[in-house]
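Accompanying notes for the structure given below.
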Amino acid sequence: MDKLAKKIRKALPKNGNLLVIGRGMGVLKNLLTFYDSVFVIDSEHPNVYSKNLIYKNFNCEISYLYAVNCIVIDRNKVEYLDKILPIIVKSRPPVIIEGEDPIPRTQSKIFFKNHYNHVSQHEKFHIWRKQ
Numbered sequence: 065m066d067k068l069a070k071k072i073r074k075a076l077p078k079n080g081n082l083l084v085i086g087r088g089m090g091v092l093k094n095l096l097t098f099y100d101s102v103f104v105i106d107s108e109h110p111n112v113y114s115k116n117l118i119y120k121n122f123n124c125e126i127s128y129l130y131a132v133n134c135i136v137i138d139r140n141k142v143e144y145l146d147k148i149l150p151i152i153v154k155s156r157p158p159v160i161i162e163g164e165d166p167i168p169r170t171q172s173k174i175f176f177k178n179h180y181n182h183v184s185q186h187e188k189f190h191i192w193r194k195q
């Protein structure tokens, strides 16, 4: 198991459903073993096959995903944060964003409007949680 996957596993809930926007920071195969269902939203299929992997394109509507326990976003997909607003309002999951430095205030408005705080910073990702 990858060192990054172990850190993500310790930082997030261990079961339930996971929403991945992008490539899952390169540890998508390992994340599949931790969660019941993994929803991947990306422009192309991740070329990983598993029973609990559900792939969607960016054009789809994801507001019907009401039972998401955690969200993982690649740094280059931060512009799609507005798509997860219904999920943040409904289920209030923790959000991991790739990159050591927090995203700028202009991009993180969605979090502050919904009472999320930047709670921890790790080597390759940072976490936002509802406070």
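All residue numbers for the sequence shown refer to the numbering used here, where the first residue is 65 and numbers rise by one.
Note that the Cβ used here is the ideal one computed from N, Cα and C, for glycine as well.
Every value quoted in this text rests on a predicted model; they were computed, and no experiment measured them.
Query: CB-CB length for V75 against L95, believed under 8 angstroms; Result: Per the sequence shown, residue 75 should be read as Ala rather than Val. About 12 angstroms; that fails the 8 angstroms criterion.
Query: Limits of the unbroken alpha helix (DSSP H) element including N140; Result: Element bounds for N140: n/a, residue is neither H nor E.
Query: Collapsed DSSP secondary structure at S184 in the structure displayed; Result: strand
Query: The beta strand (DSSP E) enclosing F189, as first and last residue numbers; Result: 189-194
Query: Straight-line Cα distance separating Q171 from E143; Result: 8 angstroms
Query: C-alpha distance - F175 paired with W192, whole-angstrom precision; Result: 8 angstroms
Query: Continuous alpha helix (DSSP H) stretch holding N94: start and end; Result: 92-98
Query: DSSP bridge partner residues for E162 (one or two, in chain order); Result: F189
Query: Contact under 8 angstroms by Cβ, K71 with F98; Result: no
Query: N140 to M89 span [Cα, whole Å]; Result: 10 angstroms
Query: Per-residue DSSP class, three states only, for F176; Result: helix
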